[in-house]
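Asks: Please see the structure below; I have some questions.
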RNA sequence: UGAGUAAAUCGCCUUAUCGCUACGUUUUAUACGUGGAGGAAAGUCUGAACACCAUAGUGCAACGCAGUGGUUAACAGCCACCGGCCGAAAGGUUAGGAAAAGUGCAACAGAAAGAAUGUACGGGUAAUGCCGUAGUGAAAUCAGGUAAACUCUGUGCGGUGCAAUGCCAUGUAUACCAGUGCUUGAAAGCGGCACGUUUGAUUGCUGGAGGGUAGGCAGCUAGAGUGUUUUGGUAACAAAGCACCGAGAUAAAUGAUAAGGGUCACGCCAAGGCGUGAUACAGAAUUCGGCUUAUAGAUUUACUUAAACA
RNA sequence: GGCGUCGUGGCCGAGUGGCUUAGGCACAGGUCUGCAAAACCUGCUACAGCGGUUCGAUUCCGCUCGACGCCU
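Residue numbers (this note's numbering): 331 to 453.
Right, here's the structure in full:
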């Protein structure tokens with residue numbers, strides 16, 4: 331698994347997202363929350379992932395874009411170490427539920443904790 | 001040098017590694033190359049283009065605008081001039097038509113707020129009428145004030161917005177209930193009403209309660225375009241020549257990390273170094289013109305004024 | 001992305017160019033009671049913010065902020 335995060339790996343379909351939020355389960359490691367669902371889709375990837383930041387907590391689009399870019403970047407760099415052993419396809423949505431603007435290292439550490447909790451829960 | 005006014009511009013940079021996105025070439029695994037946020041992209045307040053509704057028609061209503069002239073595709077914008085207000089000045093600011101068409105309104109105070117001319121004193125007169133002053137109030141006898149009160153005058157204006165609109169794919173319900181209609185015309189053509197006009201029915205129309213889709217392509221970026229020079233014009237702006245092509249995503253790209261540097265502020269210090277901190281507002285979504293609002297800091301030009309020196 | 005509606009005390013909510021604003025609920029104090037409830041009396045706190053028009057603005061006008069709704 332390379333350090334990529336292309337269109338195929340992004341969660342884009344409205345149907346999938348609705349399904350994810352109604353049927354999926356979640357784990358959280360503040361300030362992050364992961365909603366996940368084991369599901370099959372046609373593309374040749376192991377996981378489709380999206381990120382989201384609430385407009386309620388961050389008023390300006392610049393702040394929201396910045397956090398979403400950080401979330402995507404950390405996911406891109408760390409997904410290989412955690413998700414190479416997944417056998418079935420999954421859909422993920424990573425939510426930022428904090429109210430403060432984070433740094434790269436803060437997000438990195440909390441996302442690692444988040445993925446460890448997720449793997450423990452699944453296995 | 002201090003204080004100030006106006007206009008214009010910039011608004012972090014470089015390298016390395018790892019990525020995202022559009023296009024092109026190669027190949028259909030990928031690899032390489034090129035491009036990739038703003039002055040406000042924001043608010044959606046305006047004016048248009050474009051699309052559909054009739055080639056967008058008529059009248060009323062509603063709404064916008066309002067000194068004069070110019071500019072423009074158009075405008076509530078911009079420019080020049082006149083008048084008002086503010087400032088010592090440079091300059092700033094201005095919803096600036098009509099009260100002699102009509103209706104309304106004016107708290108408190110005041111004799112009186114539009115209907116009368118009251119009181120005191122003085123002048124004047126035979127006397128009254130008359131003239132002046134006083135007091136209340138934002139406004140007091142003036143053909144009064146008020147139109148960001150109704151209104152009148154002039155002028156402009158059809159509606160809806162790219163979630164417009166067209167096509168393809170997937171899927172379903174021409175079912176159910178109520179009302180109504182078929183040439184003596186229901187209803188529709190997205191508008192508040194009327195007229196006019198066009199379409200118009202055994203798969204009609206309206207309402208209710210529901211069922212399905214929610215994917216893709218086009219529209220989608222070469223344009224009232226950008227830069228520059230010359231000419232005309234006080235200016236806004238216009239014309240001509242030359243050069244250039246500068247985003248096109250859709251749970252929504254334009255980034256992350258590391259190192260170095262720049263700028264500013266503060267502190268230290270034989271004076272050009274060291275340390276610390278800061279580096280704004282903010283992210284395209286059909287496209288342009290304007291307005292409004294947010295914005296660390298820096299630069300340039302012109303001007304006013306005060307002091308000093310020559 | 002586009003279009004629209006609203007903002008009045010702690011809460012609900014009326015109002016309108018003129019005494020900083022009706023009423024209800026809530027809250028606080030008092031009367032009553034052995035104590036409380038009910039009732040009665042008193043008090044408390046407001047026109048989202050900024051600017052303009054006006055003698056005077058919660059009301060009229062402009063801008064900003066916030067909340068909510070609609071579209072396929």
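Where is the CB? At the ideal position from N, CA and C, for every residue including glycine.
If you scan the region 364 to 439 from start to end, which runs of the alpha helix (DSSP H) of 4 or more residues do you find wholly inside it?
Replies: Listed in chain order, the complete alpha helix (DSSP H) runs (minimum 4 residues) inside the region 364 to 439 are 391 to 413.
Asks: Measure the C-alpha to C-alpha separation of residue 393 and residue 373 and round it to an integer number of angstroms.
Replies: Along the first chain, read from residue 1 onward, the residue named residue 393 stands at position 63. Along the first chain, read from residue 1 onward, the residue named residue 373 stands at position 43. About 31 Å.
Asks: Thinking just about the alpha-carbon of each residue, which of 427, 396, 435, 360 is nearest to the one in residue 384?
Replies: The residue you call residue 384 lines up with position 54 of the first chain. Nearest of 427, 396, 435, 360 to residue 384, Cα basis: 427.
Asks: How would you label residue 336, buried or exposed, when you count the other beta carbons within 10 angstroms and need 16 or more for buried?
Replies: As a first step, residue 336 is located in the first chain; it is residue number 6 there, counting from the start. Label assigned to residue 336: exposed.
Asks: For the pair the region 355 to 371 and the region 409 to 424, tell me if three or more CB-CB distances fall below 8 Å.
Replies: Judged by Cβ distances under 8 Å, the region 355 to 371 makes contact with the region 409 to 424, as three or more pairs qualify.
Asks: Which term fits residue 418, buried or exposed, when burial requires 16 or more other beta carbons within 10 angstroms of its beta carbon?
Replies: Along the first chain, one-based indexing puts residue 418 at 88. Counting Cβ neighbours within 10 Å, residue 418 comes out exposed, since fewer than 16 surround it.
Asks: For residue 456, collect the residues of the same chain with a Cβ closer than 7 Å to its Cβ; drop the 5 residues on either side in sequence, then sort them by chain order.
Replies: Here the chain has residues from 331 to 453 only, and residue 456 is not among them.
Asks: Return the chain-ordered list of same chain residues with a C-beta closer than 7 Å to the C-beta of residue 451, the five sequence neighbours on each side being excluded.
Replies: Taking the first chain and counting its residues from 1, the one referred to as residue 451 is at position 121. So the list reads 357, once near-sequence residues are dropped.
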